[in-house]
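Novice: There's a structure below that I have some questions on.
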Amino acid sequence: MPRVRYGPRTPDELDGARAARARIPDIWSTGVIAVWETDPDALAQVLPPPLKPAARPLVRATISSVDLPGGHLLGAGSVAVRAVHDGLEGDYPLVMPMTTERALIGGREVFGEPKKLGDVVVRRDGDHVSAGLTRHGISFVLVSGEVTGELPPPPDHENLDFYFKFLPAPDGDGLDSDAALVHCVRRGRTRSLHRVEGTVVLNESPFDPVADLPVRELVEITLGERTSVQEGRIVERVPAESLLPYVHQRYDDPMQALDA
């Protein structure tokens, strides 16, 4: 009888999959990072409890092209705000557009990352750089400028991200359980870094309303080549009722376009 591919995997196959994950090579990305100060009251409104605003109201947009093994490219983006939990400062991503389903599913199901399918573009033509995040035909973040000089790559570093891992209830009423607050530590290396003088444009989108976090002061724009690995852990359970007012951050709700 031929093997049924939806049947169970053998112990050797499961062990092989775990071993393959441990041998993943460095995956390098070329990306633009723009950081700006926004309205502190607006930033505070997007943070679900128990997250609190950081002392400086920073927003970070990351727009990258990732070189995957086998010569494939992945577009990966993120718009995150600076937050604090339990005395630790990190980023709370509001939206993370990805160009492939595999990248989307892994991040959402394992870490609780707010990933959504979208278009992510990074281009360099001589010294001119342009990058953008687009969903539903709307380019809601656009970064452009000129490379003005090379910067020394920073030492190896660690960044902390905050995610909420949850699922809607199957009967359509709230969540199926309390949410998990995940601390995700990202350990990264940078092999090249350039300063960019440019602008950040936030366009109105009912599905990705990043324009509600306006650019009050542009802190920096950089273009770099980076690689990183990440490790997450659940640090706290968050009552479902306290997270429900923020669930629309994760899912495209057509009625959101009608919000006053």
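Numbering (UniProt numbering) for the sequence shown: 1 to 260.
Note that CB positions come from ideal geometry on N, CA and C, so glycine has one too.
Only a predicted model underlies this, so the values are computations on that prediction, with no experimental measurement involved.
For a test of the three-state rule: what should DSSP assign to PHE207, helix, strand or coil?
Specialist: Of the three classes helix, strand and coil, the one that applies to PHE207 here is coil, per DSSP.
Novice: What residues are listed by DSSP as bridge partners for VAL235?
Specialist: For VAL235, which the question treats as bridged, DSSP gives no partner whatsoever.
Novice: What does DSSP give as the partner residues of TYR163 in its beta bridges?
Specialist: DSSP, once it has assigned bridges, lists VAL182 as partnering TYR163.
Novice: Would you mind sorting ALA260 into buried or exposed? The rule is 16 or more other CB atoms within 10 Å of its CB.
Specialist: Caution applies to ALA260, whose pLDDT of 47 falls short of 50 and renders its modelled position unreliable; the value that the coordinates give is listed next. ALA260 is exposed by the Cβ-count criterion.
Novice: Mapping the DSSP letters down to three states, classify ALA260 as helix, strand or coil.
Specialist: Because ALA260 carries a pLDDT of 47, less than 50, the predicted location of this residue cannot be relied on, and the following value inherits that uncertainty. If DSSP states are grouped into helix, strand and coil, ALA260 belongs with coil.
Novice: Grouping DSSP H, G and I as helix and E and B as strand, with all else coil, what is GLU158?
Specialist: The answer is strand: DSSP assigns GLU158 an E or B state.
Novice: Kindly confirm or deny that the segment 199-209 and the segment 151-169 touch, where touching means at least three C-beta pairs closer than 8 Å.
Specialist: No, because fewer than three Cβ pairs between the segment 199-209 and the segment 151-169 fall closer than 8 Å, the two stretches do not touch.
Novice: Please classify LEU213: does DSSP put it in a helix, a strand, or coil?
Specialist: It is coil, neither helix nor strand.
Novice: Does the beta-carbon distance from LEU243 to ALA179 come in below 7 Å?
Specialist: For LEU243 and ALA179, yes; Cβs fall inside 7 Å.
Novice: Out of ASN159, ASP26, VAL147, which has the shortest C-alpha to C-alpha gap to ALA83?
Specialist: Answer by Cα proximity: ASN159.
Novice: Measuring CB to CB, does ALA103 end up less than 7 Å from LEU74?
Specialist: Yes. Within cutoff.
Novice: Pair every Cβ in the segment 206-214 with every Cβ in the segment 81-97, then say whether three or more of these pairs are closer than 8 Å.
Specialist: Enough Cβ pairs lie closer than 8 Å, so yes.
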